[in-house]
Amino acid sequence: MIESHRCIGAPPARLEALTALPALFDRFPGLRLAADEKELRQVPSFIAFGWREISVRLRG
Numbered sequence: 045m046i047e048s049h050r051c052i053g054a055p056p057a058r059l060e061a062l063t064a065l066p067a068l069f070d071r072f073p074g075l076r077l078a079a080d081e082k083e084l085r086q087v088p089s090f091i092a093f094g095w096r097e098i099s100v101r102l103r104g
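Residue numbers for the sequence shown, in our numbering: 45 to 104.
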């Protein structure tokens with residue numbers, strides 16, 4: 045039987061995101077993307093989903 049892959053780092057990464065992202069948005073309520081969503085470039089990978097960079101503006 046072949047089991048699905050489970051990343052050992054996924055639970056700590058989720059916890060980090062659940063802690064850090066609300067703190068970031070609380071600290072910078074005007075946080076916005078600096079570019080149009082269509083301009084974001086993905087990391088070329090068949091293993092992971094992510095962006096090369098995400099530029100933001102801290103205030104409107």
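C-beta atoms are modelled at their ideal positions from N, C-alpha and C, and glycine is treated no differently.
Cβ neighbours of residue i in the same chain (closer than 8 Å, five flanking residues each side left out)
{"i": "Arg101", "result": "Gly74, Leu75, Arg76, Leu77 and Ala78"}
{"i": "Phe69", "result": "Leu75"}
Minimum C-alpha distance to residue i - residue among the options
{"i": "Ser99", "options": "Phe93, Ser89, Pro88 and Glu81", "result": "Glu81"}
Whole-Å CB distance - residue i paired with residue j, under 8 Å assumed
{"i": "Arg96", "j": "Arg85", "result": "5 Å"}
Unbroken alpha helix (DSSP H) run spanning residue i, endpoints
{"i": "Arg58", "result": "Ala54 to Arg71"}
Own chain, CB closer than 6 Å to residue i, minus 5 neighbours either side, in chain order
{"i": "Gly94", "result": "Val87"}
{"i": "Leu59", "result": "none"}
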